[in-house]
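**Student:** Right, I'll just put the structure down here and ask away after.
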Amino acid sequence: MKNRPNILTIAGFDPSGGAGILADIKTIESLKGYGVAVCTANTIQNDIKFLSCDWVNKDIIKEQLDSILERFTISFVKIGVVKNWKTLHFIIDHILDKVQNIKIILDPVLKSSTAYAFQNPDQDKELNHEFDKILEKIHLITPNYKEIQMLYPDQTIDEAIKHISCRTHLFLKGGHREDAIGKDELFTTTGKHYILNPKGNKCSEKHGSGCVLSSAITTYLALGYPLLKSCLKAKRYTEKILSSNDTLLGYHKM
Numbered sequence: 001m002k003n004r005p006n007i008l009t010i011a012g013f014d015p016s017g018g019a020g021i022l023a024d025i026k027t028i029e030s031l032k033g034y035g036v037a038v039c040t041a042n043t044i045q046n047d048i049k050f051l052s053c054d055w056v057n058k059d060i061i062k063e064q065l066d067s068i069l070e071r072f073t074i075s076f077v078k079i080g081v082v083k084n085w086k087t088l089h090f091i092i093d094h095i096l097d098k099v100q101n102i103k104i105i106l107d108p109v110l111k112s113s114t115a116y117a118f119q120n121p122d123q124d125k126e127l128n129h130e131f132d133k134i135l136e137k138i139h140l141i142t143p144n145y146k147e148i149q150m151l152y153p154d155q156t157i158d159e160a161i162k163h164i165s166c167r168t169h170l171f172l173k174g175g176h177r178e179d180a181i182g183k184d185e186l187f188t189t190t191g192k193h194y195i196l197n198p199k200g201n202k203c204s205e206k207h208g209s210g211c212v213l214s215s216a217i218t219t220y221l222a223l224g225y226p227l228l229k230s231c232l233k234a235k236r237y238t239e240k241i242l243s244s245n246d247t248l249l250g251y252h253k254m
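The sequence shown begins at 1 in UniProt numbering and counts up by one.
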């Protein structure tokens, strides 16, 4: 029997299980990976409301990372919500110091699906150069249309796409676009552009769908699929979650 690849998720804890590290682990295990996790935030929330966020201290995050990276062989890691870009940079640099060839997939969670703002990049313009440095150290970033506008408020969508894809691969999620809901796009650092259209129309909104998608992409990459194939398979998996029931919490099939 082939061993499952170990996949690390670094994100927040959502007690409802719809988002964050619980959703990531469910996704990873469903797709035949073995999931391990580092917690960046303890939240009080459910699928319809967000009450508070208690950020985990950087030293604790470092100790969690060390315990995992010293025990498990990991080639792919997904990063979700973090306190700010400085913390994100700290996490990424520490990972790369421990495992030089590891590939990092970043899901830049700026707001929860219940509209809680984790951070506001527009208030931290002096840190824009910090984020550009981050882009050059990761393998893929997965913002939606609202997030890419928040990341680069002074640029058009096309300008932001070019700015990012010169530095790392970009998977632009289309769940929030008005002209074509569910139409995703992949922009590679080599200048390739792929359109990933939705399949079927029975999908309904789900809490944590972005977490599911990014962890699914990470898992398929860890399983050996190329980038485009990983993104397409992850999109189809996410669509299954979106169509699994009519509630805000999707079902994962093992």
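We treat Cβ as the ideally placed atom computed from N, Cα and C, and that holds for glycine. The structure displayed is predicted, hence computed values, not measured ones.
Okay, do the region 86-99 and the region 11-31 touch, 3+ Cβ pairs below 8 Å being the bar?
**Tutor:** Not touching, per the Cβ criterion.
**Student:** Do G80 and the ligand MG come close, with the Cβ less than 7 Å from some heavy atom?
**Tutor:** Among the components of this structure there are no ligands whatsoever, and the ligand MG is therefore not found.
**Student:** Check Q100 in the structure and name its three-state DSSP category.
**Tutor:** Coil.
**Student:** By the DSSP assignment, the beta strand (DSSP E) with I79 in it spans what residues?
**Tutor:** Here the beta strand (DSSP E) through I79 covers 74-79.
**Student:** Which one of K83, T27, I105 has the shortest CA to CA distance from V77?
**Tutor:** Closest option to V77, Cα to Cα, is I105.
**Student:** Between T27 and the rest of its own chain, which residues show a CB-CB distance below 6 Å, the 5 nearest in sequence each way excluded?
**Tutor:** Excluding sequence neighbours, T27 sits near V212, S215, A216.
**Student:** Between the alpha carbons of L249 and G182, how many angstroms are there, rounded?
**Tutor:** Cα to Cα, L249 sits roughly 18 Å from G182.
**Student:** Whole angstroms are fine: how far does the CA of Q149 sit from the CA of I195?
**Tutor:** Cα-Cα distance, rounded: 19 Å.
**Student:** Taking DSSP as the reference, what is the three-state secondary structure of L140?
**Tutor:** Three-state DSSP puts L140 in a strand.
**Student:** Would you check if the region 40-47 and the region 226-236 touch, i.e. whether three or more CB-CB distances between them fall below 8 Å?
**Tutor:** Contact fails: fewer than three Cβ-Cβ distances are below 8 Å.
**Student:** If L8 and V36 are in contact, beta carbons under 8 Å, what's the gap, nearest whole angstrom?
**Tutor:** Yes, they are in contact, since the Cβ atoms of L8 and V36 sit about 5 Å apart, within 8 Å.
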